[in-house]
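2 protein chains.
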Amino acid sequence: MKIAVLGGDGYCGWATALYLSKKGHEVAIVDNFVRRLWDHELGAQTLTPILPLSDRLRIWKDRSGKNIESFVGDITDYQFLDAFMKEFAPEAVVHFAEQRSAPYSMIDRQHAVATQVNNVVGTLNLLFAIRENNPNCHIVKLGTMGEYGTPNIDIEEGYIEIEHNGRKDMLPFPKQPGSFYHLSKVHDSHNMMFTCRIWKLRATDLNQGVVYGTVTDETLLDEGLINRLDYDEVFGTVLNRFCVQAAVGHPLTVYGKGGQTRGFLDIRDTVRCIELACLNPANPGECRVYNQFTEQFSVLDLAKLVQTAAKKLGLKTEIDHLPDPRVEMESHYYNAKHSKLVDLGLQPHLLSDSLLDSLVNIAIEYRERVDQSLFLPRVNWRNATNERRKPVNTAAGASV
Amino acid sequence: MKIAVLGGDGYCGWATALYLSKKGHEVAIVDNFVRRLWDHELGAQTLTPILPLSDRLRIWKDRSGKNIESFVGDITDYQFLDAFMKEFAPEAVVHFAEQRSAPYSMIDRQHAVATQVNNVVGTLNLLFAIRENNPNCHIVKLGTMGEYGTPNIDIEEGYIEIEHNGRKDMLPFPKQPGSFYHLSKVHDSHNMMFTCRIWKLRATDLNQGVVYGTVTDETLLDEGLINRLDYDEVFGTVLNRFCVQAAVGHPLTVYGKGGQTRGFLDIRDTVRCIELACLNPANPGECRVYNQFTEQFSVLDLAKLVQTAAKKLGLKTEIDHLPDPRVEMESHYYNAKHSKLVDLGLQPHLLSDSLLDSLVNIAIEYRERVDQSLFLPRVNWRNATNERRKPVNTAAGASV
Chain A
1 MKIAVLGGDG YCGWATALYL SKKGHEVAIV DNFVRRLWDH ELGAQTLTPI LPLSDRLRIW
61 KDRSGKNIES FVGDITDYQF LDAFMKEFAP EAVVHFAEQR SAPYSMIDRQ HAVATQVNNV
121 VGTLNLLFAI RENNPNCHIV KLGTMGEYGT PNIDIEEGYI EIEHNGRKDM LPFPKQPGSF
181 YHLSKVHDSH NMMFTCRIWK LRATDLNQGV VYGTVTDETL LDEGLINRLD YDEVFGTVLN
241 RFCVQAAVGH PLTVYGKGGQ TRGFLDIRDT VRCIELACLN PANPGECRVY NQFTEQFSVL
301 DLAKLVQTAA KKLGLKTEID HLPDPRVEME SHYYNAKHSK LVDLGLQPHL LSDSLLDSLV
361 NIAIEYRERV DQSLFLPRVN WRNATNERRK PVNTAAGASV
Chain B
1001 MKIAVLGGDG YCGWATALYL SKKGHEVAIV DNFVRRLWDH ELGAQTLTPI LPLSDRLRIW
1061 KDRSGKNIES FVGDITDYQF LDAFMKEFAP EAVVHFAEQR SAPYSMIDRQ HAVATQVNNV
1121 VGTLNLLFAI RENNPNCHIV KLGTMGEYGT PNIDIEEGYI EIEHNGRKDM LPFPKQPGSF
1181 YHLSKVHDSH NMMFTCRIWK LRATDLNQGV VYGTVTDETL LDEGLINRLD YDEVFGTVLN
1241 RFCVQAAVGH PLTVYGKGGQ TRGFLDIRDT VRCIELACLN PANPGECRVY NQFTEQFSVL
1301 DLAKLVQTAA KKLGLKTEID HLPDPRVEME SHYYNAKHSK LVDLGLQPHL LSDSLLDSLV
1361 NIAIEYRERV DQSLFLPRVN WRNATNERRK PVNTAAGASV
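The listed protein sequences derive, respectively, from chains A and B. FYI, my numbering numbers position 256 of the first sequence as 256, with every residue one higher than the one before it. Just remember that my numbering sits 1000 ahead of the position in the second sequence, which is counted from 1.
Following this line, the structure appears as structure tokens:
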């Protein structure tokens, strides 16, 4: 199958592109490297030393014998995207090409606006490019479980049948996103649903949980294929950050009580879910929604699991409860359905001791690269402006 | 009360600014005149000859003795908006400053993107400007009944209690908007609801129905205060367009069967609803939603009412059923609640023969200004690109 991976130089995108290539698909990566730019802006870098995309692709070719084409550009530039769609003519487009950090979107007005404009315009451009070039092309769009928020009822996969005053309808599940980033994904979902209706496009909206891990079978082939692993407060997702904190002896930074419960999945399942969606496309006019995660955990559950795993490796780990920089419930009901990808054949990699061991060991391997000042939250949801350019207090968070 | 009217040079904004000024409020208008620019782009003009804002305001001062300040600028320019908020320091901001036409947003990709970026960024800027300058200032934001679409259940005012698998929650009413414009309002609603939650802002989201009429007590004071009346396929709302068509002997352009049912209100009620919302502000942290319309009609109902009213004036009017250029249901269930503004004291001007007479008579008065080629729909929802720049077939739609 001919599959385009937009944002294929990023964390999930890179792993996905390699996996799809390995499985025999003809893969093209589209990326403008803005994720690498944001690292520079934030003074952060991935724990793992990633190579430039051109080097990565050369090594992949050497190791696997397979070619991945790369197209360098920004999908908010329609002329570029349109030319790409004409040249590569994909059967499926996997769309990871968005600003994906909630804290980044909450830094200040400029970051909120930049996030929403980037994500909304990129996705609108993609919908138009597919409509104009090949309406049969299947869009596999990354959404987020964060679109739903934490309602006091079970979360369904995208739609819910509502009975009201004696009448019934199947309607989009109400959304209560928790950051300007999560809001941008809600905007995308509404836009995409609409274009499926008016233009009979085919779309799968994957409401993904929080991803953990970094290693996949493909990235293991060569150190030059290593995937990024973010541990900073802005782009580092919680379990990855905890493992890096454990590796360097920093307390695990739990926000508030840690009762915040979310869906999680291993990056090895992300790549499989994407392929399952591609191989089983939505029908014309269908905008289907899958909840893409495998297990629910509270943040405190995860901290305790990491603490236990670290102990086996001889590390003593403390858990710090910091004031929650986000505006969110610290304990709440949470039960989200996630059976549709399993129905398509997903066999989950559940969170295991061996995964935690491996993740902590990777963090130990690259511990000289850790800047501990990046662990602590500096973006507070309650502020309209968070100053991240101030010099960091090196006494409190010196580099190792 | 100190009230800012963003978009105060437009159709609803102008009537609202005058009404609020008449009622003794201290009013400022913010506008960048882009609505007038869109007329030039589309080769259209309001039926009624409106004066430049500076002239309008001078005449208002002469006639009423009241001053309305004007601030010329674009709210997507944060520096301008921030300076305005500091200088005028409003207690309430009425936000009409958006691209408000569904067909305009459906012309092509550029218009879709421009509509969403303009509306989303303008509203985000306003939310930040209020947060930064005066979090106590009440936002009265114009939404649209079109955010809900046409679900098969009763439409509530913004929120619905859902019982699901034995649990209950009060959640945002699911949205199924029908154009890129309506989508932009859904995006705004989500953004606004979020900032009320995290920053304790006060907001009222007025999901307005289709407005008709043009005359208010205030605009009647002087011909120079006349309000705009759009009849073209892009900005002309349905009842206004029908009245102008009847006045010039053009068949009423019903799309499809005409069973599309929507909420409607008289512009004299728009202005009262706005004042009621301002006088009864939302609480800090509250994002309340009012459905702002007074009666439901199907499009065919309206066509028949106009036909009857025109007959009394000696006009013979035909009804044409054109292929529906929109993707929408031509007959459907529709029952939308609208009691909250009545609870605050709204006494509706229901649609009457005298209103229709008056509207048709205004159209007759200015009939030399009617360009009949602007009646027929040229923006089809099914196309990704609608060419509006092609020369019009003057044989089919010559100017009178």
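Beta carbons: idealized from backbone N, C-alpha and C, even for Gly. If you're wondering where the values come from, they're calculated on a predicted model, not measured in any experiment.
Please confirm whether A:LEU403 and A:VAL94 have their CB atoms less than 8 Å apart. Nothing can be reported for residue 403 of chain A: it is not among the residues displayed for chain A, which extend from 1 to 400.
Please classify A:HIS40: is it buried, with 16 or more other beta-carbons within 10 angstroms of its beta-carbon, or exposed? When all chains shown are included, A:HIS40 counts as exposed.
Take every Cβ of the stretch 209 to 221 of chain A, pair it with every Cβ of the stretch 184 to 192 of chain A, and state whether three or more of those distances are shorter than 8 Å. No, because fewer than three Cβ pairs between the stretch 209 to 221 of chain A and the stretch 184 to 192 of chain A fall closer than 8 Å, the two stretches do not touch.
For B:MET1106, the nearest candidate out of B:SER1184, B:LEU1350, B:LEU1252, B:ILE1075 (CA to CA): Nearest C-alpha to B:MET1106: B:SER1184.
If A:ASP357 sits next to A:LEU252, beta carbons under 8 Å apart, how far is it from one beta carbon to the other, in whole angstroms? About 16 Å separates the two Cβ atoms, so there is no contact after all.
Taking 8 Å as the threshold (C-beta atoms), are B:LEU1047 and B:VAL1234 in contact? Their beta carbons are not under 8 Å apart, which means B:VAL1234 does not touch B:LEU1047 by this criterion.
Quick check on B:ALA1396 - is its C-beta less than 8 Å from some C-beta in chain A? Confidence in B:ALA1396 is poor, its pLDDT being 40 and thus under 50, which makes the residue's placement unreliable; the coordinate value appears in the next sentence. Judged by the 8 Å Cβ criterion, B:ALA1396 is not in contact with chain A.
Run the CB neighbour count on A:MET193, radius 10 Å, all protein chains shown included, and call it buried at 16 or more, exposed below. In this structure A:MET193 is buried. Its beta-carbon is surrounded by 16 or more other beta-carbon atoms within 10 angstroms.
Contacts that A:TRP381 makes with chain E (C-beta to C-beta distance below 7 Å): Going by chain labels, chain E is absent from the structure shown, which instead holds the protein chains A and B.
Since A:TYR181 and A:ARG100 are thought to touch, with beta carbons under 8 Å apart, how far apart are those beta carbons, to the nearest angstrom? With 8 Å as the limit, A:TYR181 and A:ARG100 qualify as a contact, their Cβ atoms being about 7 Å apart.
When you compare the stretch 1338 to 1351 of chain B with the stretch 1168 to 1175 of chain B, are there three or more beta-carbon pairs, one atom per stretch, that lie closer than 8 Å? In this structure the stretch 1338 to 1351 of chain B does not lie against the stretch 1168 to 1175 of chain B, because fewer than three pairs of beta carbons, one per stretch, are closer than 8 Å.
Got a sec? Which residues, its chain only, sit under 6 Å from B:ALA1015 by beta carbon, not counting five neighbours each side? Closer than 6 Å at the Cβ level, and outside the excluded window around B:ALA1015, lie THR1216, ASN1227, ILE1267, VAL1271.
For B:THR1308, count neighbouring C-beta atoms within 10 Å of its own C-beta (all shown protein chains included) and say buried if the count is 16 or more, exposed if not. Exposed, since its Cβ has fewer than 16 Cβ neighbours within 10 Å.
Considering only their Cβ atoms, is the gap separating A:THR261 from A:HIS332 smaller than 8 Å? The answer is yes: Cβ separation under 8 Å.
Nearest residue (CA-CA) to B:LYS1311, options B:ASP1269, B:VAL1248, B:TYR1334: In this structure, B:VAL1248 is the residue among B:ASP1269, B:VAL1248, B:TYR1334 with its C-alpha nearest to the C-alpha of B:LYS1311.
Taking its Cβ as the centre, do 16 or more other Cβ atoms sit within 10 Å of B:TYR1019, making it buried, or is it exposed? B:TYR1019 sits buried, since 16 or more C-beta atoms from the chains shown fall within 10 Å of its C-beta.
Residues that A:PHE128 contacts on chain B, provided the C-beta gap is smaller than 7 Å: Going along chain B in sequence order, the residues near A:PHE128 (Cβ under 7 Å) are ARG1109, ALA1384.
Those residues which DSSP pairs with A:LYS340 across a bridge: Within the DSSP bridge table, the entry for A:LYS340 names no partner.
Does B:LEU1359 get closer than 8 Å to chain A when you measure Cβ to Cβ? By this cut-off, B:LEU1359 is not an interface position.
Do A:CYS405 and A:LEU206 have their C-beta atoms within less than 8 Å of each other? The first residue shown for chain A is 1 and the last is 400, placing residue 405 of chain A beyond what the model contains.
Apart from the five residues just before and just after B:ASP1353, which ones in its own chain have a Cβ nearer than 7 Å to its Cβ? Within the same chain, and ignoring the five residues on either side of B:ASP1353 in sequence, the residues whose Cβ sits closer than 7 Å to its Cβ are ALA1309.
Which word fits B:GLN1337, buried or exposed, when buried means at least 16 other C-beta atoms lie within 10 angstroms of its C-beta? Rather than Gln, the amino acid found at residue 1337 of chain B in this sequence is Lys. B:LYS1337 is exposed by the Cβ-count criterion.
Below 9 Å on C-beta distance, what does B:ILE1160 contact in chain A? Those are ILE162, HIS164, PRO174, listed as they occur along chain A.
Cβ-based neighbour list, B:ARG1197, same chain, cut-off 8 Å, excluding 5 preceding and 5 following: Counting only Cβ-Cβ distances below 8 Å, and skipping sequence neighbours, we find GLY1285, CYS1287.
Please report how far the alpha carbon of A:ARG241 lies from the alpha carbon of A:ASN335, in whole angstroms. Roughly 24 Å between the two C-alpha positions.
How about A:LEU171: is its C-beta nearer than 8 Å to some C-beta of chain B? Interface with chain B (8 Å Cβ-Cβ cutoff): A:LEU171 is included.
Confirm, please, whether the CB-CB distance from A:SER21 to A:ILE68 is below 8 Å. Against a cut-off of 8 Å, the Cβ pair of A:SER21 and A:ILE68 comes out as a contact.
Does chain B have any CB closer than 8 Å to the CB of A:ALA112? At least one chain B Cβ lies under 8 Å of A:ALA112.
Do B:TYR1231 and B:VAL1113 come within 8 Å of each other at the CB atom, strictly closer than that value? Not in contact: B:VAL1113 and B:TYR1231 (Cβ atoms no closer than 8 Å).
Any idea what DSSP makes of A:CYS196, helix, strand or coil? Under the three-state reduction of DSSP, A:CYS196 is assigned to helix.
Assess contact between the stretch 122 to 134 of chain A and the stretch 71 to 86 of chain A, defined as three or more Cβ pairs (one per stretch) separated by less than 8 Å. Is contact present? Between the stretch 122 to 134 of chain A and the stretch 71 to 86 of chain A, the count of Cβ pairs shorter than 8 Å is three or higher; the stretches touch.
Residues of the stretch 1315 to 1336 of chain B in Cβ contact with chain A at a cutoff of 9 Å, in chain order, please. When CB distances to chain A are screened at a threshold of 9 Å, the residues of the stretch 1315 to 1336 of chain B falling below it are ARG1326, VAL1327, TYR1333, ASN1335, in chain order.
Burial state of A:LYS141 (16 or more Cβ within 10 Å): Taking all protein chains in view, the Cβ of A:LYS141 is crowded by 16 or more other Cβ atoms within 10 Å, so the residue is classified as buried.
Specify the secondary structure class of B:GLY1146 as computed by DSSP and reduced to three states. Here B:GLY1146 sits in helix by DSSP.
CB-CB under 7 Å to A:LEU344, same chain, minus the five flanking residues each way: which ones, in chain order? The beta carbon of A:LEU344 lies closer than 7 Å to those of LEU276, ASN280 in the same chain, with the five residues before and after it left out.
Within the 8 Å Cβ cut-off, does B:HIS1138 reach chain A? Closer than 8 Å: no.
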